[in-house]
Amino acid sequence: MPSRRSLLKAGGSLAAATLLPGTGPAAAESRPPDPWRKVPDILRKIRPPRFPSRKWDITAFGAVGDGTTDCTAAFAAAIGECHRRGGGRVVVPPGRFLTGAVHLLSNVELHVSEGAVMAFSTDPNAYLPVVLTRWEGTECRNYSPFIYAHGQRNIAVTGRGTLDGQARQGPWESWYANGGPQGGDQRALRKMGDDGVPVEERVFGAGHYLRPAMVQFVKCQNILVGDITILEPPMWTVNPVLCTNVTVRGITVVSTLYNTDGCDPEASSYVHIHHCRFNTNDDCVAVKSGRDADGRRVGVPSENIVVQDCQFSGRWGGITVGSEMSGGVRNVFAERCVINSPDFPGNYPVKYPVYIKAGKKRGGFIEGVYTRDFTGGNVDREVMFVNMDYASNEQGTEPVSVRDIRMERTRLDGADAVLNLVGLETDHLVGVRLEKCAFTNVTGPDTIAYTDGLSLRKVFVNGVEQ
């Protein structure tokens with residue numbers, strides 16, 4: 004039977020877990036402050052942008068929805084005219100519109116109508132010239148994300164149409180798979196970040212192999228991504244970087260290529276992700292804030308992020324923090340999410356509904372990850388995996404802090420175990436709390452290492468209170 008006081012042998016010595024004083028089924032417990040009281044105030048500060056009622060149809064600028072005509076110039080012209088005229092809606096009508104990189108400007112809503120498909124070119128040259136981006140948490144100049152904005156305000160991608168990344172038809176998989184050439188560029192960029200090479204000298208793009216993100220906004224404010232279906236991105240799908248006031252609502256993401264997270268708010272604040280469906284070949288929602296020395300150089304945390312009413316099917320985590328979290332993360336809330344919903348079956352079962360990744364190479368902090376009212380089941384591994392020894396092969400000596408991780412009112416059927424908590428001998432995991440949870444068809448014991456202040460209250464595993 005899983006036990007809240009399980010021990011894990013690590014490095015030849017026993018790593019102990021300590022319980023908060025006064026915890027246990029029979030104890031009169033002192034209740035900590037409820038962090039969920041912050042959520043209404045956070046949501047009041049998140050407001051989707053609004054746009055003038057003016058409209059510009061891309062076909063008026065030469066776009067043809069035949070799936071073969073290159074419409075890149077038409078998108079740029081329509082967006083430019085909309086921006087110059089004070090803003091409004093650029094409309095993609097029904098049809099299949101082939102395009103390269105699309106760059107949004109302030110006060111422009113790109114509206115992909117029902118029956119419309121933006122089919123993104125499989126030619127890497129369609130995403131040149133290079134732009135300032137963040138690639139796996141390290142700043143550089145690289146191929147443009149498929150939809151991109153830098154330093155803009157009041158921007159949106161909406162509609163019931165489809166963004167088709169066509170990643171399986173392009174070269175992107177060959178760049179990564181089976182020791183492809185991306186690995187060399189990945190290592191080179193990480194070394195540049197560690198060595199403090201100026202960002203303007205970290206130039207990739209043509210002749211290199213770092214796959215671009217699908218939708219990335221950098222240093223933007225007042226963002227909406229709503230209702231759209233996004234298919235087969237080449238890498239991370241929706242990635243706001245150093246952004247504030249972000250709403251991602253009602254989107255559907257289906258991705259089968261490697262590293263194709265669903266939504267990655269990175270070094271961003273006041274983010275609301277709700278009523279979305281994720282079927283991904285990696286994490287569903289992954290909160291990030293930069294990688295290693297470069298992430299610490301930028302030093303901007305992700306904070307005040309609320310995830311509600313989403314469906315998670317993915318190869319790794321449901322709600323995830325890290326592993327690129329060197330700038331810090333605080334105040335992440337997720338509620339009423341369904342794990343492996345039969346209404347939206349995925350290619351992979353979620354391994355960890357709650358997955359937190361940190362390490363000594365990353366450094367940084369994670370303070371406050373709160374989940375409640377998760378349902379579903381068929382979890383591939385543990386319900387909660389907090390790993391402060393992530394990527395342990397990467398040598399590092401930075402202090403890392405992970406604390407205040409809570410799960411409440413969760414009902415899940417089917418998992419290898421409830422908890423896998425991996426603190427470090429030098430940096431303990433602090434303050435994991437589960438309350439009013441029930442887990443059934445759990446097959447194995449918990450593993451807990453270097454964890455202080457583990458608290459379980461009214462937690463049932465296979466019908467037995469822990």
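With this note's numbering applied, the sequence shown corresponds to residues 4 to 469, in that order. Glycine included, each C-beta is placed from N, C-alpha and C at the ideal position.
> Going straight from the alpha carbon of ARG47 to that of GLY187, what length do you get?
Replying inline: Locating residue 47 in the sequence shown gives position 44, where the first residue counts as 1. Locating residue 187 in the sequence shown gives position 184, where the first residue counts as 1. A direct Cα-to-Cα measurement between ARG47 and GLY187 gives close to 45 Å.
> Taking the alpha-carbon positions, what's the SER316 to PRO174 distance?
Replying inline: Taking the sequence shown and counting its residues from 1, the one referred to as residue 316 is at position 313. Taking the sequence shown and counting its residues from 1, the one referred to as residue 174 is at position 171. Taking the straight line from one Cα to the other gives about 26 Å.
>> Output needed for SER116: all residues of its chain with C-beta closer than 8 Å, excluding positions within five of it in sequence on either side, in chain order.
In response: Counting from 1 along the sequence shown, the entry for residue 116 is found at position 113. Taken in chain order, the residues that qualify are VAL94, VAL95, PRO96, PRO97, GLY162, ARG163 and GLY164.
>> Just to confirm the assignment: which complete beta strand (DSSP E) runs, minimum length 3, are found wholly within the region 151-198?
In response: 156-161 and 165-167
> For the ligand GDP, is there a heavy atom less than 7 Å away from the beta-carbon of MET328?
Replying inline: For the structure depicted, the ligand GDP is absent and the ligand set is empty, with no information on it obtainable.
>> Could you check whether PHE220 and ALA129 sit closer than 8 Å to each other, using their CB atoms as the reference points?
In response: The sequence position of residue 129 within the sequence shown is 126, counting from 1. The sequence position of residue 220 within the sequence shown is 217, counting from 1. No, the Cβ-Cβ distance between ALA129 and PHE220 is not below 8 Å.
> For PRO402, does the count of other Cβ atoms within 10 angstroms reach 16, so buried, or fall short, so exposed?
Replying inline: Numbered from 1 along the sequence shown, position 399 holds the residue referred to as residue 402. Exposed.
> Sorted by chain position, which residues of the same chain lie with C-beta nearer than 7 Å to VAL111's C-beta, five sequence neighbours on each side aside?
Replying inline: The sequence position of residue 111 within the sequence shown is 108, counting from 1. Closer than 7 Å at the Cβ level, and outside the excluded window around VAL111, lie ILE82, CYS85, HIS86, GLY90, VAL93 and ILE158.
> Can you give the Cα-Cα distance for ALA30 and VAL200, rounded to whole angstroms?
Replying inline: One-based indexing of the sequence shown puts residue 30 at position 27. One-based indexing of the sequence shown puts residue 200 at position 197. In this prediction, ALA30 has a pLDDT of 37, which is less than 50 and means its spatial position is unreliable; nothing more can be read from the coordinates.
> Pick from ARG333, ASP392 and ARG252: whose alpha carbon is nearest that of PRO51?
Replying inline: Position 48 of the sequence shown, counted from the first residue, corresponds to residue 51. PRO51 has its Cα closest to that of ARG252, out of ARG333, ASP392 and ARG252.
> Hey, ASP455 and VAL425: beta-carbon distance below 8 Å or not?
Replying inline: As a working mapping, residue 455 is identified with position 452 in the sequence shown. As a working mapping, residue 425 is identified with position 422 in the sequence shown. Against a cut-off of 8 Å, the Cβ pair of VAL425 and ASP455 comes out as no contact.
> Roughly how far, in whole angstroms, is the beta-carbon of GLY380 from the beta-carbon of GLY321, given that I think they are within contact range, below 8 Å?
Replying inline: Reading the sequence shown from its first residue, position 377 is the one you call residue 380. Reading the sequence shown from its first residue, position 318 is the one you call residue 321. Their Cβ separation, rounded to whole angstroms, is 12 Å, which puts GLY380 and GLY321 out of contact at 8 Å.
>> Helix, strand or coil for TYR212? Go by DSSP, reduced to three states.
In response: Along the sequence shown, one-based indexing puts residue 212 at 209. Three-state DSSP puts TYR212 in coil, outside helix and strand.
> Among PRO345, VAL445, VAL332 and PHE463, which residue has its Cα nearest to the Cα of ILE408?
Replying inline: Taking the first residue of the sequence shown as 1, we reach residue 408 at position 405. Closest option to ILE408, Cα to Cα, is VAL332.
>> Distance check for GLU269 and TYR373, CA to CA, integer angstroms please.
In response: Walking along the sequence shown from the start, residue 373 turns up at place 370. Walking along the sequence shown from the start, residue 269 turns up at place 266. Rounded to whole angstroms, TYR373 to GLU269 spans 18 Å at the Cα level.
> Going by C-alpha distance, which of ALA191, TYR453, GLY366 and THR125 is nearest GLU235?
Replying inline: On the sequence shown, position 232 is the one that residue 235 refers to. The shortest C-alpha separation from GLU235 is found at THR125.
> Using the C-alpha atoms, what's the distance from LEU108 back to TRP513?
Replying inline: Nothing about residue 513 can be reported from this structure: the residues present for the chain run from 4 to 469 only.
> What is the rounded straight-line gap between the Cα of TYR393 and the Cα of THR71?
Replying inline: Position 390 of the sequence shown, counted from the start, is the residue given in the question as residue 393. Position 68 of the sequence shown, counted from the start, is the residue given in the question as residue 71. Roughly 44 Å between the two C-alpha positions.
>> Assuming VAL454 is part of the beta strand (DSSP E), what are its boundary residues?
In response: As a first step, residue 454 must be located in the sequence shown, where it is residue number 451. Note on identity: in this sequence residue 454 is Thr, with Val being the wrong assignment. Start and end: 454-464.
>> With H, G and I counted as helix, E and B as strand and the rest as coil, what does DSSP make of LYS354?
In response: Here residue 354 refers to the residue found at position 351 when the sequence shown is read from its first residue. In the structure shown, LYS354 sits in coil (DSSP, three-state: anything other than H, G, I, E or B).
> Does the Cβ-Cβ distance between VAL353 and VAL421 come in under 8 Å?
Replying inline: Within the sequence shown, residue 353 is the residue found at index 350, counting from 1. Within the sequence shown, residue 421 is the residue found at index 418, counting from 1. No, Cβ-Cβ distance for VAL353 and VAL421 is not below 8 Å.
>> Below 8 Å on the Cβ atoms is my contact criterion, and I expect PRO127 with ALA216 to pass it. Report the Cβ-Cβ distance as a whole number of Å.
In response: Taking the first residue of the sequence shown as 1, we reach residue 127 at position 124. Taking the first residue of the sequence shown as 1, we reach residue 216 at position 213. Not really, about 14 Å apart at Cβ, beyond 8 Å.
>> Using only the alpha-carbon positions, how far apart do MET410 and ALA170 sit?
In response: Here residue 410 corresponds to residue number 407 of the sequence shown, with the count starting at 1. Here residue 170 corresponds to residue number 167 of the sequence shown, with the count starting at 1. Approximately 36 Å, taken between the alpha carbons.
> What's the gap between the Cα of PRO304 and the Cα of VAL335?
Replying inline: Counted from its first residue, the sequence shown places residue 304 at position 301. Counted from its first residue, the sequence shown places residue 335 at position 332. About 11 Å.
>> Given this structure, state the Cα-to-Cα distance separating VAL257 from MET121, to the nearest angstrom.
In response: Stepping through the sequence shown from its first residue, residue 257 is reached at position 254. Stepping through the sequence shown from its first residue, residue 121 is reached at position 118. If you take the alpha carbons of VAL257 and MET121, they lie about 15 Å apart.
> Under the three-state reduction of DSSP, which class applies to THR450: helix, strand or coil?
Replying inline: On the sequence shown, residue 450 is found 447 positions in, with the first residue counted as 1. In the structure shown, THR450 sits in a strand (DSSP, three-state: E or B).
> Which of the three DSSP states, helix, strand or coil, is assigned to VAL202?
Replying inline: As a working note, residue 202 is residue 199 in the sequence shown. VAL202 falls in the helix class under three-state DSSP.
> Three-state secondary structure (DSSP) at VAL67?
Replying inline: Position 64 of the sequence shown holds residue 67. In this structure, VAL67 counts as coil in the three-state DSSP scheme.
>> Could you tell me the alpha carbon to alpha carbon distance between ARG414 and ASN444, rounded to whole angstroms?
In response: In the sequence shown, residue 414 corresponds to position 411, counting from 1. In the sequence shown, residue 444 corresponds to position 441, counting from 1. Cα to Cα, the separation comes out at about 11 Å.
> Taking the beta strand (DSSP E) that HIS275 falls in, what are its first and last residues?
Replying inline: As a first step, residue 275 must be located in the sequence shown, where it is residue number 272. Run containing HIS275: 272-277, per the beta strand (DSSP E) assignment.
> ASN248: buried (16+ other C-beta within 10 angstroms of its C-beta) or exposed?
Replying inline: By 1-based counting over the sequence shown, the position of residue 248 is 245. Looking at its Cβ environment, which holds 16 or more other Cβ atoms inside 10 Å, ASN248 is buried.
> Since ALA441 is in the alpha helix (DSSP H), which residue starts that stretch and which ends it?
Replying inline: By one-based count along the sequence shown, residue 441 stands at place 438. Unbroken run through ALA441 is the beta strand (DSSP E), 432-445; no alpha helix (DSSP H).
>> So, for GLN2: in the same chain, excluding its five sequence neighbours on each side, which residues have a beta-carbon less than 8 Å away from its beta-carbon?
In response: In this structure the chain extends from 4 to 469, so residue 2 is not present and cannot be described.
> Taking ALA191 as the reference, which of VAL133, HIS211, GLN172 and SER177 has the closest Cα?
Replying inline: Numbered from its first residue, the sequence shown carries residue 191 at position 188. For ALA191, the nearest C-alpha among the options comes from HIS211.
> Among all the DSSP beta bridges, which residues are the ones paired with LYS360?
Replying inline: Sequence index remark: in the sequence shown, residue 360 carries index 357 (1-based). Bridge partners of LYS360: ASN390.
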